[in-house]
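Here is the structure we will look at.
Chains as they are written, first to last, in the numbering used here: chain A, 1 to 158; chain B, 1001 to 1446.
What follows is the structure in C-alpha cells.
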C-alpha cells in the first residue's frame, strides 16, 4: 500500500514537474499551480526554512514535488530533534460534504505521514488528526482560498 | 313515510359527494386548502389559571396559532385570517354555523376547547368538513400545562393525517449544530428545538467541536461526533439525562454515525492509516463488526428502514458516488451514475427513496433517487448545501445551506432549510444562531 502510494506520487512528480516548467513563465503572478497552492500566505515555519504545511489539489491526496521537498526538510529537522513529536492535521476545502471531507483530511495527513516515515521518522512520533473542512485558514469563497485550505499541517505536539 | 325517506336520501346524496376534502400531497400543491382554525374556547377560570402558570394570556388562542402556523408551513393549507371569523369559539365548537364558515371560503374548520382540570390541561378539538357540514375527526386528551405547545402539534398532526391520509410530522424535534463566530474559528454546539423552532436548548457548551448529531428512532438518544480532547470520536448522548459516552473509541477517527432502524446499533466510519471503512457497533454487547473493506473512502452510511441494506458513499471509482450493499457488506452496487459527485445518502423512512447531496459544475443540489438509482430528481440548487434529513413521514427534507463570502471573506452564514419532496415549498427554518447538520426526530407521541 505504502509502496504503491509512493510510486503513484513519483509518477505524479514527473507529470507535475513537466507542467510546472511549462507554466512557470506565464503564471508567475498566480499563487496556485493548477489547483495546488504554491504561495506562502498562511504558511508558518517549524524552524528556519522548514515550512509547516503542504497543499493538495481538489479531491486529491497525492503529494506534489514542492510538498515532498517540504516534507523532506521536515524529516531532516525531526531527525535532528529526536524528542519532538508532531501531529499532522489534515484539512479539506469547503466544497465537499462534511463527512467525506473528514475522511479526505485524514487521508491527506496520512499521505504526509507515509512520506515522513520513508525518510526515517518513526510512526510513534507522528499522530494524525483530520479536521475535514472545519478549520479553514482562509474564509474566502474563491478557488484561491480553497487551495490554501486543502492542506496538511505539521504541528509540534510537545 | 317512504316518500319522506326518499327525499332525505336525495338530499344526502349530493352532500356526501362533497364530503371529500382531501389534500393531494404527491404533487406540488399550488392551491392550498383554505382552512379556518378557530381559537380554542376557554372559560374565565381556566384562562386565569393558565395565564398564572404559563404567562400566556389566552392559551386557547395560542394553541390555535401553533396549529395555524404548522398547517401554513406545509404549503398545503391556507389558514384564513381570524378577523374574518363570524362565530365565537365556544359556540363554534358546539355546533358551527357552516354557512358562516362557507361564506369566508373555509373548506375545513378546526374548533376546540381547553380547560384547567386538576392542575392539568384538558383539550378537545374537532375537525369539521364545512361543505358537508359535519365533524370528521374529534379528539380529547389531558396533559401537563407545560406541554401546551405539544398540544398544538398533536392537533396539527391529527388534522394533517385526516386530510392528507398520511402521518403528520409536527410533534417532533430537530437536533442540529449551532454555529457562531468567524468561519476560521467556528464555535459549534449541539442544540435541539421543536420542529417549529421553539423551545431551543443547547446541549453542549462549545468547548469542543461537535458535528453530525443524529436521532435514534427511539428518540431518547442522539449519536454525534465530538472532538473532545482532540480525539474525534463517535459519542452517544441521552437527551433526557444529559449522559454522554464514547462509543467509537477505536485507535483512529470514528465519524459519520447513524442508528440502525431498531436503534440497537450504531453504524459509522472508522478512519485509520488513510483509509475509511464502515463498521457497526451493537450498543448492548458492544460487539464491533466491520461492514466494508476497501482501500477507498467509504463513509456516510445509512440503513434502509427495514435494516436489510446500507447506502453509503465511496470514492472507489475515483470520485464520490453512492453505493448500496446488504447490511452484511455483501453485494455492493453503485447506484449513482449521473454527472457529478454524489454524497450523504439518506434512506427515506418510507423506504422508497434515497435523498442525497450532489456536486456538479460548482453547484450543490439536494435530490432523491430510488434505491436502485433510477428516477433521480433534483429538488434544489445552491452555492453550498448538504446533509438532508427526512421528516418522519418522508414528505419533507431538512438540510443546511452555506453562503458565499464576499471578496474580503466576510458574510458567511449557515442556515437550515426545508423543502417538500415535490420540490415546492422551500423555506428557511429560523434558528437562534447559525445552524447546520439537522436531524429530524420521529414523532414524539405514539
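Idealized CB from N, CA, C, for every residue including glycine.
As the structure is a prediction and not an experimental result, all values here were calculated from the model.
Below 8 Å on the Cβ atoms is my contact criterion, and I expect residue 1311 (chain B) with residue 1366 (chain B) to pass it. Report the Cβ-Cβ distance as a whole number of Å. The distance from the Cβ of residue 1311 (chain B) to that of residue 1366 (chain B) is about 15 Å, inconsistent with a contact at the 8 Å cut-off.
Query - Own chain residues within Cβ distance below 7 Å of residue 1050 (chain B), not counting five before or after - result: Apart from the 5 residues on each side of it in sequence, residue 1050 (chain B) sits with its Cβ closer than 7 Å to the Cβ of 1056, 1059, 1116 and 1145 in its chain, given in chain order.
- How many angstroms separate the CA atom of residue 1262 (chain B) from the CA atom of residue 1236 (chain B)? A straight line joining the alpha-carbon of residue 1262 (chain B) with that of residue 1236 (chain B) spans about 15 Å.
*Who are the Cβ neighbours of residue 52 (chain A) in its own chain at under 6 Å, not counting the five residues just before and after it?*
Around residue 52 (chain A): 44, 46, 153 and 154.
Item checked: Classification of residue 1084 (chain B) by the beta-carbon crowding that lies within 10 angstroms, buried from 16 upward -> By the neighbour-count rule (16 or more Cβ atoms within 10 Å), residue 1084 (chain B) is not buried but exposed.
Distance cutoff 8 Å, beta carbons only. Does residue 1192 (chain B) sit that close to anything in chain A?
For residue 1192 (chain B), the answer is no, since every Cβ of chain A falls outside 8 Å of its Cβ.
### Selected residue, minimal CA-CA separation from residue 1282 (chain B), among B:1257, B:1189 and B:1276
Considering only alpha carbons, the answer is B:1257.
Next item on the list: Going by CA-CA distance only, name the one from B:1325, B:1298 and B:1304 that's closest to residue 1315 (chain B).
Entry: Comparing C-alpha distances from residue 1315 (chain B) to each of B:1325, B:1298 and B:1304 shows the shortest one belongs to B:1298.
Mind the definition here: the stretch 1375-1384 of chain B touches the stretch 1416-1425 of chain B only if three or more C-beta pairs lie below 8 Å; say whether that holds. The stretch 1375-1384 of chain B makes contact with the stretch 1416-1425 of chain B; the number of CB pairs closer than 8 Å reaches 3 or more.
Inset, instruction - Measuring only between beta-carbons, confirm whether residue 1325 (chain B) sits less than 8 Å from chain A. - result: Taking Cβ atoms only, chain A never reaches closer than 8 Å to residue 1325 (chain B), which makes this a no.
- Query: What's the C-alpha gap between residue 127 (chain A) and residue 70 (chain A)?
  - Reply: In a straight line, the C-alpha of residue 127 (chain A) is about 18 Å away from that of residue 70 (chain A).
Selected residue, minimal CA-CA separation from residue 1440 (chain B), among B:1113, B:1280 and B:1170: Minimum Cα distance to residue 1440 (chain B) is reached at B:1170.
Can you pull out the residues from the stretch 1280-1301 of chain B whose beta carbon lies closer than 9 Å to at least one beta carbon of chain A? Answer in chain order: 1295, 1297, 1298, 1299 and 1300.
Taking 8 Å as the cut-off, does the stretch 1286-1300 of chain B touch the stretch 76-93 of chain A (at least 3 CB pairs, one atom from each stretch)?
No: the two stretches stay apart, fewer than three of their Cβ pairs being nearer than 8 Å.
Subject >> Integer-rounded CB distance, given that residue 1292 (chain B) should sit under 8 Å from residue 1277 (chain B) >> reply: That belief holds up - the Cβ atoms of residue 1277 (chain B) and residue 1292 (chain B) are roughly 5 Å apart, short of 8 Å.
To which residues does DSSP link residue 1275 (chain B) through a beta bridge?
Beta-bridge pairing by DSSP links residue 1275 (chain B) to B:1272.
> In three-state DSSP terms, what is residue 1401 (chain B)?
Replying inline: Collapsing the DSSP output to three states places residue 1401 (chain B) in a strand.
Can you tell which of A:97, A:58 and A:62 has the C-alpha that lies nearest to the C-alpha of residue 112 (chain A)?
The closest CA to that of residue 112 (chain A), considering only A:97, A:58 and A:62, is found on A:62.
request  = Identify whether residue 12 (chain A) lies in helix, strand or coil by the three-state DSSP scheme.
outcome  = Its pLDDT being 45, under 50, residue 12 (chain A) is placed unreliably in this model, and the coordinates cannot settle the point.
| request: Pull up the distance between the alpha-carbon of residue 1128 (chain B) and that of residue 1095 (chain B), whole angstroms please. | output: Those two C-alpha atoms are separated by around 10 Å.
Below 9 Å between beta carbons is the criterion; list the residues of the stretch 122-138 of chain A that meet it against any residue of chain B, in chain order. Flagged, chain order: 128, 129, 130, 131, 132, 134, 135, 136, 137 and 138.
Query raised in the report: So, residue 133 (chain A) versus residue 37 (chain A), is the Cβ gap smaller than 8 Å?
Result: Judged by their CB atoms, residue 133 (chain A) and residue 37 (chain A) are not nearer to each other than the 8 Å cut-off.
For residue 125 (chain A) and residue 1069 (chain B), what's the separation of their Cα atoms in angstroms?
Going by the C-alpha atoms only, they are around 58 Å apart.
Residue 1372 (chain B) classed as buried or exposed, judged by whether at least 16 other C-beta atoms fall within 10 angstroms
Exposed.
Q. Rounded to a whole number of angstroms, what is the C-alpha to C-alpha distance between residue 1445 (chain B) and residue 1158 (chain B)?
A. Their backbone Cα atoms lie some 11 Å apart in a straight line.
Keeping to the same chain, check which residues put their C-beta closer than 6 Å to that of residue 1368 (chain B); ignore five residues upstream and five downstream. Excluding sequence neighbours, residue 1368 (chain B) sits near 1353, 1355 and 1377.
Review point. Taking Cβ to Cβ, would you say residue 1107 (chain B) is nearer than 8 Å to residue 1123 (chain B)?
Key: Their beta carbons are not under 8 Å apart, which means residue 1107 (chain B) does not touch residue 1123 (chain B) by this criterion.
Contact residues within the stretch 1341-1365 of chain B, judged by C-beta distance below 9 Å to chain A:
Those would be 1341, 1343, 1344, 1357, 1359, 1362 and 1364, in chain order.
What would DSSP say about residue 131 (chain A), mapped onto helix, strand or coil? Residue state, collapsed to three classes: strand.
| request: Tell me, please, which residues DSSP counts as bridged to residue 1243 (chain B). | output: According to DSSP, which records beta bridges pairwise, residue 1243 (chain B) is partnered with nothing at all.
Using DSSP with H/G/I as helix, E/B as strand and the rest coil, what is residue 1044 (chain B)? Helix, per DSSP.
What separation, rounded to the nearest whole angstrom, lies between the Cα atoms of residue 1119 (chain B) and residue 1150 (chain B)?
-> Within the model, the alpha-carbon separation for residue 1119 (chain B) versus residue 1150 (chain B) is close to 17 Å.
Among the candidates A:50, A:57, A:40 and A:42, whose CA atom is the shortest distance from the CA of residue 143 (chain A)? Residue A:57 is the option with its Cα nearest to residue 143 (chain A).
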